[in-house]
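S.K.:
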Amino acid sequence: MLLDIENLTLRLPSGAAARPLLAEVSLTVGRGEVVGLVGESGSGKSTTARAVLGMLPEGASASGSVRVDGEDVLAMEPGRLRAHRSRTVSMVFQDPRSAMNPVRRIGDFLTEPLVRVLGLPKRKAAAKAVELLAAVGLPDPERRMRQRPHELSGGMLQRVVIAAALATDPGLLLADEATSALDATTQAEVLALLRGLQEERRQAGSGLGTLFITHDLPLAAAYCDRVYVMYAGRVVEHQPARGLFADPRHPYTRGLLDCSPALGDERELRPIPGRPPSLSDTFTGCPFTPRCPRAEAECESWTPVTVPFGGASGPADSGSAACRRLELVARSSA
Amino acid sequence: MTTLTAGALLPVKVRARRPVPVMVAGGFLALVVVAAVFAPLLAPYAPDAVDLSASLAGTSPEHLLGTDASGQDLLSRALYGARSSLLAPLALLALAALLGITMGTVAAWYGGWVDTLLSRVTDVMYAFPGLLFVVLVIAVFGDGLTTSVVAMGLAYAPTIARYTRSLALSERSKPYIDAYRVQGMGGARICVRHLVPNLSGALVGYLVVLFGEGLMSLATLSYLGFGAGSPSIDWGLMVQEGQDAVVQGALLPALVPGTAIAAVVVAFNIVGVWVSDRLGQGR
Amino acid sequence: MLRGLPRRIAGLLATLLVASFVIFSAVYAAPGDPAVLLSGSRQELTPEKLAAVRAEYHLDEPLVVQYGRWLWESAQGDLGRSFQYRDQVADLIGARLPTTLELVAYATVFLVVLGVGSGVLAALRRGWVDSAVVGGTTLAASIPSFVAAIALVSLFGVQLGWFPVTGQGEGFAGRLHHLTLPAFALALGALAVISRVTRQAMAEAYASDHVEAARAAGLTEREIVVRHVLRNALGPIVTMCGLVMAGMLAGTVVVETAFGLSGVGSLLVSAITTHDFPVTQAVLLLMVIGYVVVTTLVDLVHPLIDPRVSLGGRAA
Numbered sequence: 000m001l002l003d004i005e006n007l008t009l010r011l012p013s014g015a016a017a018r019p020l021l022a023e024v025s026l027t028v029g030r031g032e033v034v035g036l037v038g039e040s041g042s043g044k045s046t047t048a049r050a051v052l053g054m055l056p057e058g059a060s061a062s063g064s065v066r067v068d069g070e071d072v073l074a075m076e077p078g079r080l081r082a083h084r085s086r087t088v089s090m091v092f093q094d095p096r097s098a099m100n101p102v103r104r105i106g107d108f109l110t111e112p113l114v115r116v117l118g119l120p121k122r123k124a125a126a127k128a129v130e131l132l133a134a135v136g137l138p139d140p141e142r143r144m145r146q147r148p149h150e151l152s153g154g155m156l157q158r159v160v161i162a163a164a165l166a167t168d169p170g171l172l173l174a175d176e177a178t179s180a181l182d183a184t185t186q187a188e189v190l191a192l193l194r195g196l197q198e199e200r201r202q203a204g205s206g207l208g209t210l211f212i213t214h215d216l217p218l219a220a221a222y223c224d225r226v227y228v229m230y231a232g233r234v235v236e237h238q239p240a241r242g243l244f245a246d247p248r249h250p251y252t253r254g255l256l257d258c259s260p261a262l263g264d265e266r267e268l269r270p271i272p273g274r275p276p277s278l279s280d281t282f283t284g285c286p287f288t289p290r291c292p293r294a295e296a297e298c299e300s301w302t303p304v305t306v307p308f309g310g311a312s313g314p315a316d317s318g319s320a321a322c323r324r325l326e327l328v329a330r331s332s333a
Numbered sequence: 000m001t002t003l004t005a006g007a008l009l010p011v012k013v014r015a016r017r018p019v020p021v022m023v024a025g026g027f028l029a030l031v032v033v034a035a036v037f038a039p040l041l042a043p044y045a046p047d048a049v050d051l052s053a054s055l056a057g058t059s060p061e062h063l064l065g066t067d068a069s070g071q072d073l074l075s076r077a078l079y080g081a082r083s084s085l086l087a088p089l090a091l092l093a094l095a096a097l098l099g100i101t102m103g104t105v106a107a108w109y110g111g112w113v114d115t116l117l118s119r120v121t122d123v124m125y126a127f128p129g130l131l132f133v134v135l136v137i138a139v140f141g142d143g144l145t146t147s148v149v150a151m152g153l154a155y156a157p158t159i160a161r162y163t164r165s166l167a168l169s170e171r172s173k174p175y176i177d178a179y180r181v182q183g184m185g186g187a188r189i190c191v192r193h194l195v196p197n198l199s200g201a202l203v204g205y206l207v208v209l210f211g212e213g214l215m216s217l218a219t220l221s222y223l224g225f226g227a228g229s230p231s232i233d234w235g236l237m238v239q240e241g242q243d244a245v246v247q248g249a250l251l252p253a254l255v256p257g258t259a260i261a262a263v264v265v266a267f268n269i270v271g272v273w274v275s276d277r278l279g280q281g282r
Numbered sequence: 000m001l002r003g004l005p006r007r008i009a010g011l012l013a014t015l016l017v018a019s020f021v022i023f024s025a026v027y028a029a030p031g032d033p034a035v036l037l038s039g040s041r042q043e044l045t046p047e048k049l050a051a052v053r054a055e056y057h058l059d060e061p062l063v064v065q066y067g068r069w070l071w072e073s074a075q076g077d078l079g080r081s082f083q084y085r086d087q088v089a090d091l092i093g094a095r096l097p098t099t100l101e102l103v104a105y106a107t108v109f110l111v112v113l114g115v116g117s118g119v120l121a122a123l124r125r126g127w128v129d130s131a132v133v134g135g136t137t138l139a140a141s142i143p144s145f146v147a148a149i150a151l152v153s154l155f156g157v158q159l160g161w162f163p164v165t166g167q168g169e170g171f172a173g174r175l176h177h178l179t180l181p182a183f184a185l186a187l188g189a190l191a192v193i194s195r196v197t198r199q200a201m202a203e204a205y206a207s208d209h210v211e212a213a214r215a216a217g218l219t220e221r222e223i224v225v226r227h228v229l230r231n232a233l234g235p236i237v238t239m240c241g242l243v244m245a246g247m248l249a250g251t252v253v254v255e256t257a258f259g260l261s262g263v264g265s266l267l268v269s270a271i272t273t274h275d276f277p278v279t280q281a282v283l284l285l286m287v288i289g290y291v292v293v294t295t296l297v298d299l300v301h302p303l304i305d306p307r308v309s310l311g312g313r314a315a
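Residue numbers (numbering that gives the first Met the number 0), protein chains in the order written: chain A, 0 to 333; chain B, 0 to 282; chain C, 0 to 315.
1. Can you tell me the Cβ-Cβ gap for A/Val28 and A/Gly208, rounded? I've got them flagged as a contact below 8 Å.
2. Relative to chain A, which residues along the stretch 90-108 of chain C have a C-beta separation below 8 Å, given in chain order?
3. By the criterion of Cβ-Cβ separation under 7 Å, what are the contact partners of C/Asp305 in chain A?
4. Any idea what DSSP makes of A/Phe287, helix, strand or coil?
5. Using alpha carbons as the reference points, say which of A/Val159, A/Ser40, A/Phe282 lies closest to A/Leu193.
6. Note down, in chain order, all residues in the stretch 130-159 of chain B with a beta-carbon under 9 Å from any beta-carbon belonging to chain C.
7. Quick check for students: name the residue ranges of the alpha helix (DSSP H) that lie wholly in the stretch 230-261 of chain A, counting only runs of 4 or more.
8. List the endpoints of the continuous alpha helix (DSSP H) containing B/Thr158.
9. Check C/Leu11 in the structure and name its three-state DSSP category.
10. Provide the residue(s) that pair with C/Thr99 in DSSP beta bridges, ordered along the chain.
11. Any C-beta of chain C sitting closer than 9 Å to the C-beta of B/Val123?
12. Using a C-beta cutoff of 9 Å, does C/Ala215 count as contacting chain A?
13. What are the partner residues of C/Gly31, as DSSP defines its beta bridges?
14. Check the DSSP bridge columns for A/Pro307 and list the partner residues they point to.
15. If C/Ala147 and A/Phe92 are in contact, beta carbons under 8 Å, what's the gap, nearest whole angstrom?
16. Answer with buried or exposed for B/Asp276, where buried requires no fewer than 16 other C-beta atoms within 10 angstroms of its C-beta.
17. So, using beta-carbon positions, are B/Ser84 and B/Leu217 closer together than 9 Å?
18. For C/Met247, collect the residues of the same chain with a Cβ closer than 6 Å to its Cβ; drop the 5 residues on either side in sequence, then sort them by chain order.
19. Tell me, please, whether the CB atom of A/Pro112 is closer than 9 Å to any CB atom in chain C?
20. With DSSP as the reference, label A/Ile4 as helix, strand or coil.
21. Are C/Leu4 and C/Leu303 closer than 9 Å when you measure CB to CB?
22. Give me, in chain order, the residues of the same chain whose beta-carbon lies closer than 8 Å to that of A/Thr167; leave out the 5 immediate sequence neighbours on both sides.
23. Can you tell me whether C/Arg125 is helix, strand or coil according to DSSP?
24. Give me the residue from C/Thr136, C/Val21, C/Glu101, C/Asp129 with the minimum Cα distance to C/Gly67.
25. Can you tell me which of the three DSSP states A/Asp71 falls into?
26. Can you give the Cα-Cα distance for A/Asp68 and C/Gly116, rounded to whole angstroms?
27. Give the secondary structure of A/Gly106 by DSSP, where H, G and I count as helix, E and B as strand, and everything else as coil.
28. So does C/Ile288 have its beta carbon nearer than 8 Å to some heavy atom of the ligand ADP?
29. Report the rounded CA-to-CA distance for C/Ala204 versus C/Ala232, giving the unit in angstroms.
30. Buried or exposed: C/Asp275, going by 16 or more other Cβ atoms within 10 Å of its Cβ?
31. Between C/Leu310 and chain A, is any beta-carbon pair separated by less than 9 Å?
32. Taking the beta strand (DSSP E) that A/Asp175 falls in, what are its first and last residues?
33. Work out the CA separation of A/Pro307 and A/Glu236 for me, nearest whole Å.
34. At a Cβ threshold of 9 Å, is C/Arg226 touching chain A?
35. Within 9 Å of any Cβ in chain A, is that where the Cβ of C/Ala315 sits?
36. Determine whether the Cβ of C/Glu211 lies closer than 9 Å to any Cβ atom of chain A.
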């Protein structure tokens, strides 16, 4: 498995946060796979992505493991960790404008990893950078090399960021809300680009895995192979994307789908009542209880555990959810 | 109505959090003021008592801080010197504050040509780095403590006016000012009775910080021979009179007044920053 | 990038025009006859002498005409004659200018090395180093430069004997040796400003997202500090260094006097003391021009260092 996160729990020192940032998060991404990670802000999806790079919040203590190609990121030496960040995993951030140093040129941004990581001579790196820019569909790549970030539009910048992220040919791409700051048409272009690049690599046999982080569940369900849904630092549901739309099992997933408008959908939009929990909220049982339409008194003392659909003997790859009333939910929706 | 001091209204924890450096600096300043006021009682000698037999004496039981080239007791001179060194910046600030606050308030309230004039005057003032504007005034009107104080007052007024203007502009847009206007109260009356008093907290904090700067500048002018002149006793002047002795190895005549200036300025800056933080919070 | 240039140059000229007019017309603000002020010595004023002064300064013409003539002659390098030195003011200043410029340049080196250095140190090593830098530089800023000068002379000149107490020095090394204490005294007061600006700019650059992105891309902390933090903080740091350097022109008045250096600053003091008004006017004009030109240059250079800033004052 390319990425294998197992029972990752992150805690801040008491006083900084009342609950763990991440609680028993388990997640996998295979080669050539696009995996979605969905949740509201503060659900821990970005924290999970950062943990893959070995970037834990200050003062946090971790248990569990984050393996990339079988090697535990959390146990890496600083030097190994930098090599890991520059070669194995790349991250694409939400806002390309703030993720790029405004005083440096586009060219520097691309040639830097080529020279530093791949050891290319400067001239070769520049030629390769132009190639990379052309490959992400940027018109007039030679001129772009000399421009600075403020001279390009957001969509173009995100293409540059993607080109730089793939420059060192990493195995795993972390796309943290990579299209959320873009307008709708640009978003579609960038998504198509990512898909195309993914396909190219699949055919070349290098097999890029993508962890696609977003707050937009319908987008994730449409774009990804499999989707994990997070709530309050916990994975509450995991399903193949096609199953998620048709048969969401966790009440939170269902709530997210109910509050997203879709074309030709006559259902009434129903926002999830209440607000997402903050780091100062504590729970005695399931964290979704206060907002859950199906909650019972017992839910308040039930510590969530992930249960595969169809019980412990059910098919392993059909999905799982962490709800006490899973069987009931499954029956009622069937 | 019961009377409560502002301190009593604060939670105990906040009141107790007066940092040690501020306490020390405040205590030191109080001591300097007492020393200046009671200089005649505290000084062991008359400040101008010449004793050529004791020229450039080091520290001794007779002369705790030594003597200068004319054998005048440095402790006594430093105590008397505190008077002009503290009074002159006070006078300068009073002048600058009167001019600056008036100008700033008028500029903020009426705008128009007063506002334009203020920004032009400030622009010209800012073209003269450091004390050069004051130096120009002294070159024209002659040296002396009074000229220095007036020139410095003129130089500081635009800065204070600018600060007052920015404070007054934001205060002016508050509803209570509108309320007075609706009642038919005149602009001048609102400014004097209500607007300026409401700015006083921030302004006082600013002035305390400026006091240290003003003291430093006036001492510099006296040192250059433009401010207080002989036979008056002033710290800056004492440094100038004492510096020839430094080369002869007698450091006290220059260092005693020099240290006094530095210590008072440091203390004022510490207290000033604390006061302006404190008063600034109320806004 | 050069869009705002003509406007800036026009502003510069306007400021210089007004400032020079203030310097020139100050004579008329004085009570009494300007000829008396311009004649220098207040004794032995004969009617003939006053008439000569009046003729030399064309005091009978309208003020604006006089000012225009003075400005025109000054621009051509004719700054008039000194009453005290019986010499061309331009020559007098020319002979003393190198010392002053050397002093300012040397002080700027101190300023950049110590001020920027301590600011970087404070930003990189938080905790007690940070507090020590902030406290130390703030203390240094509270000491008037003439007091610092005398303390430095007492300690390093008289007590330890490391540096000469008087004189100008011969050769480059000699001059450097002689100017070390004056330059340090001149820089000392401004250290706090530079240090604080550096620390603040570094902290802001550190907090930006692209630093996090660079870290995620596997750059070492050293690369991050040099290429992303320091590079981005350079704009405010260079601007502040330039402004402070310009201000130090005026600071030489005190420091040159304290160390007995024969520069333009000490010339101003002696010109005022001896009522040598042509010299006073010329030195003030020179210092104001130097100050305004340097501050404008700093403004013009800023967009070259930081592409986010444009001359028009709007961020692109």
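Ideal Cβ placement from N, Cα and C applies to all residues, glycine included. What you are looking at is a predicted structure, and each value in this text was computed from that prediction instead of being measured.
M.R.: Well, looking at it:
1. 4 Å
2. none
3. Val102
4. coil
5. If we check each option's Cα against that of A/Leu193, A/Val159 comes out closest.
6. Here the close residues are Leu130, Leu131, Phe132, Val134, Leu135, Val136, Ile137, Ala138, Val139, Phe140, Gly141, Asp142.
7. 240-245, 250-257
8. 144-171
9. Correct three-state label for C/Leu11: helix.
10. Bridge partners of C/Thr99: none, in fact.
11. Yes, B/Val123 counts as interfacial toward chain C.
12. yes
13. In DSSP, C/Gly31 forms no bridge with anything.
14. A/Ser319
15. The Cβ separation is near 49 Å, so there is no contact.
16. exposed
17. Cβ atoms of B/Ser84 and B/Leu217: closer than 9 Å.
18. Val103, Ala106, Leu185
19. yes
20. strand
21. It is not a contact, given that the beta carbons lie outside the stated cut-off.
22. Ser85, Arg86, Ser89, Pro112, Leu113, Val116, Leu117
23. C/Arg125: coil per DSSP, three-state reduction.
24. C/Val21
25. Residue state, collapsed to three classes: strand.
26. 43 Å
27. helix
28. In terms of ligand content, the structure shown is empty, and the ligand ADP therefore cannot be addressed.
29. 6 Å
30. So C/Asp275 ends up on the buried side.
31. Any reading at C/Leu310 needs caution, since the residue's pLDDT is 47, under 50, leaving its predicted position unreliable; the model's value is listed next. It does not: the Cβ of C/Leu310 has no partner Cβ on chain A nearer than 9 Å.
32. 171-175
33. 10 Å
34. yes
35. Confidence at C/Ala315 is low in this model, with a pLDDT of 33, below 50, so its placement is unreliable and no value can be given for it.
36. yes
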